[in-house]
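Residue numbers (our numbering): 641 to 836.
Below, the structure is given as structure tokens:
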């Protein structure tokens, strides 16, 4: 066990040595606050980076593709992305400012309105760009596509119902099996109270 008087002597000698070397004392006191300020400034500068730029290239020019682009532009703009509409894929891919390119192929309207085909879009992601931001933009595109797909499928179901001369519930056709919200019960099967 270390004798406490020895510890006090050691600390006293170290303190006297620090007070003799004024430069070391100033540096020891000044560096931590300056480092914290520098870290804060770097964090602020990095958080105020340029927004992700998304380009939409429409090779279809059909009514359905224009409707999808309108929805997509609205969703992307609302999420804070900069959206450009270009007519040429090579221009979009060669522009280093564009982080994500969404391509609507030439057969999009035909396939989207067909009862036997599936319409696809193509997504090009720029390598080397902050992947989290581009992934979030891609997620927004996929979410918009899901909403638009539900709109188109409702129209198709309505068309088929009209041709069959029947009335249908679109949700019953699209999602025939669902889970109801859970019912909470107590320990012995009685309805749960707020206290449970």
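Using N, Cα and C, we set each Cβ at its ideal position, and we do this for glycine too. The structure presented is a predicted model; accordingly, all values stated were derived computationally and were not measured.
Look at the alpha carbon of residue i and the alpha carbon of residue j, and state the distance between them as a whole number of angstroms.
i	j	result
residue 694	residue 741	6 Å
residue 729	residue 714	21 Å
residue 611	residue 810	No answer is possible for residue 611: it lies beyond the span of the chain, which begins at 641 and ends at 836.
residue 813	residue 795	12 Å
residue 666	residue 655	14 Å
residue 709	residue 801	28 Å
residue 784	residue 674	46 Å
residue 828	residue 819	24 Å
residue 808	residue 703	26 Å
residue 804	residue 792	18 Å
residue 822	residue 835	17 Å
residue 650	residue 670	24 Å
residue 787	residue 718	15 Å
residue 647	residue 663	25 Å
residue 750	residue 677	58 Å
residue 765	residue 746	20 Å
residue 681	residue 668	21 Å
Let me know if residue i comes out buried or exposed under the rule of 16 or more other beta-carbons within 10 Å of its beta-carbon.
i	result
residue 758	exposed
residue 700	buried
residue 833	exposed
residue 748	buried
residue 762	exposed
residue 705	buried
residue 712	buried
residue 777	buried
residue 780	buried
residue 755	exposed
residue 817	exposed
By the DSSP assignment, the alpha helix (DSSP H) with residue i in it spans what residues?
i	result
residue 761	Taken as a continuous stretch (DSSP letters only), residue 761 belongs to no alpha helix (DSSP H), as it is neither H nor E.
residue 701	No alpha helix (DSSP H) holds residue 701; DSSP gives it neither H nor E.
residue 802	771 to 804
residue 733	729 to 734
residue 820	Careful: residue 820 lies outside any alpha helix (DSSP H) and carries neither H nor E.
residue 755	Counting along the chain, residue 755 falls outside any alpha helix (DSSP H), and DSSP gives it neither H nor E.
residue 659	644 to 660
Per DSSP, residue i is paired with what?
i	result
residue 667	According to DSSP, residue 667 bridges with nothing at all.
residue 831	825
residue 722	693
residue 742	696, 763
By Cβ distance, which residues of its chain are closer than 6 Å to residue i, with the 5 residues on each side in sequence left out?
i	result
residue 697	726, 729, 732, 743
residue 760	none
residue 738	693, 695, 732
If you drop the 5 nearest sequence neighbours on each side, which residues of the same chain put their C-beta closer than 7 Å to that of residue i?
i	result
residue 815	none
residue 720	691
residue 753	704
residue 831	825
Spell out whether any CB of chain B is found under 7 Å from the CB atom of residue i.
i	result
residue 805	In summary, chain B is missing from the structure at hand, where a single protein chain is found.
Tell me which residues share the same chain as residue i and place their Cβ nearer than 8 Å to its Cβ, disregarding the 5 neighbours each side in the sequence.
i	result
residue 790	814
residue 735	695
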